[in-house]
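Colleague:
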Amino acid sequence: MTTRIVELRRGILKKNDELAAGLRASYAAARVMVLNLVSSPGTGKTAFLEWTLTELRKRGVRVAALVGDLETDNDARRLASSGAPVRQINTHGICHLDAEMIGKHLDGWELGALDYLFIENVGNLVCPSSYDLGEAIRVVLLSVTEGEDKPLKYPTMFNSADAAVITKMDLAVPCGFDRWAALKNINEIRPGIQIFETSVKSGVGLDEWLGYLEEKRKGRG
Amino acid sequence: MHELSIVTSVVESVTESLAAYPGARVLEVRLRVGALASVVRESLEFCYGIAAEGTALEGSRLVVNVLPVVMHCEKCGKDVELEGVQSFRCPLCGEPCFDLRQGRELEIDSIEIEDGKEAA
Numbered sequence: 039m040t041t042r043i044v045e046l047r048r049g050i051l052k053k054n055d056e057l058a059a060g061l062r063a064s065y066a067a068a069r070v071m072v073l074n075l076v077s078s079p080g081t082g083k084t085a086f087l088e089w090t091l092t093e094l095r096k097r098g099v100r101v102a103a104l105v106g107d108l109e110t111d112n113d114a115r116r117l118a119s120s121g122a123p124v125r126q127i128n129t130h131g132i133c134h135l136d137a138e139m140i141g142k143h144l145d146g147w148e149l150g151a152l153d154y155l156f157i158e159n160v161g162n163l164v165c166p167s168s169y170d171l172g173e174a175i176r177v178v179l180l181s182v183t184e185g186e187d188k189p190l191k192y193p194t195m196f197n198s199a200d201a202a203v204i205t206k207m208d209l210a211v212p213c214g215f216d217r218w219a220a221l222k223n224i225n226e227i228r229p230g231i232q233i234f235e236t237s238v239k240s241g242v243g244l245d246e247w248l249g250y251l252e253e254k255r256k257g258r259g
Numbered sequence: 037m038h039e040l041s042i043v044t045s046v047v048e049s050v051t052e053s054l055a056a057y058p059g060a061r062v063l064e065v066r067l068r069v070g071a072l073a074s075v076v077r078e079s080l081e082f083c084y085g086i087a088a089e090g091t092a093l094e095g096s097r098l099v100v101n102v103l104p105v106v107m108h109c110e111k112c113g114k115d116v117e118l119e120g121v122q123s124f125r126c127p128l129c130g131e132p133c134f135d136l137r138q139g140r141e142l143e144i145d146s147i148e149i150e151d152g153k154e155a156a
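Residue numbers (this note's numbering), protein chains in the order written: chain E, 39 to 259; chain D, 37 to 156.
#1: In whole angstroms, what separates the C-alpha of V177(E) from that of L190(E)?
#2: Shortest alpha-carbon distance to S240(E) belongs to which of L57(E), A85(E), A59(E) and L51(E)?
#3: Along chain E, which residues have their Cβ under 8 Å away from the Cβ of D145(D)?
#4: Going along chain D in order, which residues have a C-beta closer than 8 Å to the C-beta of V160(E)?
#5: Can you pull the chain E neighbours of S53(D), defined as C-beta to C-beta under 9 Å?
#6: Are the CB atoms of I187(D) and V44(E) nearer to each other than 7 Å?
#7: Would you give the residue range spanned by the alpha helix (DSSP H) that D187(E) belongs to?
#8: Let me check understanding here. Comparing Cα to Cα, which of V47(D), C83(D) and T51(D) lies closest to H38(D)?
#9: From R66(D), A71(D), F134(D) and E78(D), pick the residue whose C-alpha is nearest to that of C112(D); which is it?
#10: Can you find the residues in the same chain that come closer than 8 Å, C-beta to C-beta, to C109(D), ignoring five residues on each side of it along the sequence?
#11: Between M39(E) and chain D, is there a C-beta pair that is closer than 7 Å?
#12: Would you verify that the beta carbon of V164(E) is, or is not, closer than 7 Å to some beta carbon of chain D?
#13: Using the three-state DSSP reduction, which class does G49(E) fall into: helix, strand or coil?
#14: Please report the residue range of the alpha helix (DSSP H) in which A118(E) lies.
#15: Check for me: the alpha helix (DSSP H) holding K256(E) runs from which residue to which?
#16: Quick check on DSSP: helix, strand or coil for G214(E)?
#17: On the DSSP bridge list, what partners appear for Y154(E)?
#18: Does the Cβ-Cβ distance between I42(D) and I50(E) come in under 7 Å?
#19: Quick one: Cα of P212(E) to Cα of S181(E), how far?
#20: In whole angstroms, what separates the C-alpha of G259(E) from that of A68(E)?
#21: Just to confirm my understanding: we take R61(D), look at its own chain, exclude 5 residues before and 5 after, and list those with CB closer than 6 Å. What are they?
#22: Taking its Cβ as the centre, do 16 or more other Cβ atoms sit within 10 Å of D170(E), making it buried, or is it exposed?
#23: Would you say P229(E) reaches chain D, if we count a Cβ-Cβ gap shorter than 7 Å as a contact?
#24: Kindly confirm or deny that the stretch 158-170 of chain E and the stretch 94-109 of chain E touch, where touching means at least three C-beta pairs closer than 8 Å.
#25: Per DSSP, what kind of secondary structure is L61(E) in: helix, strand or coil?
In structure tokens, the structure reads:
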């Protein structure tokens, strides 16, 4: 009997990474911009996305959404009220979306007929950070009711994001939200990240957000 | 939270590699995990026993090597190791760092196996 070391040097999530690379190539071929929205449960991802889908559709922009939850199709029904095509992904206990789930749920959709595809991830600031969905932009959302130190508590998610959205700004004063502390904490973890301070109730910050979406899609060439 | 799915992927991946070593018994599996990989070492170790049960990896050890975050500091012009993950500033000059060079790894580094029979 002999023992030996075998070098493997292999990504543990290689299967997901390969599937995500395939998705990324198909998004690029179809010229659809894909965004992955991540946050804690209760941040207001669905309300924010509902508003975004509705406004983009009013402007004649072609949008669709995939929404992940452990159970129920409540969010898909809410988002469908925008008029956009929406599909629910139920993970039945799994704490994140992965590339395989995305691929399966895109089946039959004509990606070339879309300008944007939004993926609302499962509400969780930990696990979704490890799973590439082939997205062009990862957006992390944080509400004023959650505490300004969320970025410090969940550095991986904030560090892997391309844009940050603060939601429920209309509640900032009653909640005693320390805006400067929140902005500083986000910047400590992800220096230079673009931050949008928004409220779908008051409308603040939403023009900037739509401007960002447009700029990103144009900039892609 | 997703450590069980991570170690399940490890077991599947190592099992595939074992096809090249018939009859081999796995003694140890070594992982390289970045400090920003969102997984907890203790939780990986705990889940590993469950995931390995009933496979060729049952009874083997899981060794998790945690890698610190390394950023490239533009001002200093070199790679710098961060002491933690609470501030992405250069520990030498204090400037914010944008370019991550190490810290998100989630890899199987190597395995130690005992051959089933003497190699021919």
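For glycine and all other residues, C-beta sits at the position ideal for the given N, C-alpha and C.
Modeller: Let me spell this out:
#1: 17 Å
#2: A85(E)
#3: E45, L46 and R47
#4: The contacting residues do not exist; V160(E) stays about 10 Å from chain D at best.
#5: V44, L46 and R48
#6: There is simply no residue 187(D) to check, as chain D begins at 37 and stops at 156 in what is shown.
#7: Element bounds for D187(E): n/a, residue is neither H nor E.
#8: C83(D)
#9: F134(D)
#10: Excluding positions up to five away in sequence, the list reads D115, V116, C126, L128, C129, E131 and C133.
#11: Among the residues facing chain D, M39(E) is included, as its CB has a counterpart in that chain under 7 Å away.
#12: yes
#13: strand
#14: N112 to A118
#15: Note, K256(E): alpha helix (DSSP H), L244 to G257.
#16: The answer is coil: DSSP assigns G214(E) none of H, G, I, E or B.
#17: M71(E) and V101(E)
#18: Yes, they are a contact pair.
#19: 13 Å
#20: The predicted position of G259(E) is uncertain, since its pLDDT is 47 and thus under 50; a value taken from the coordinates is nonetheless stated next. Each residue's alpha carbon lies about 13 Å from the other.
#21: E150
#22: buried
#23: Interface residue, yes.
#24: yes
#25: helix
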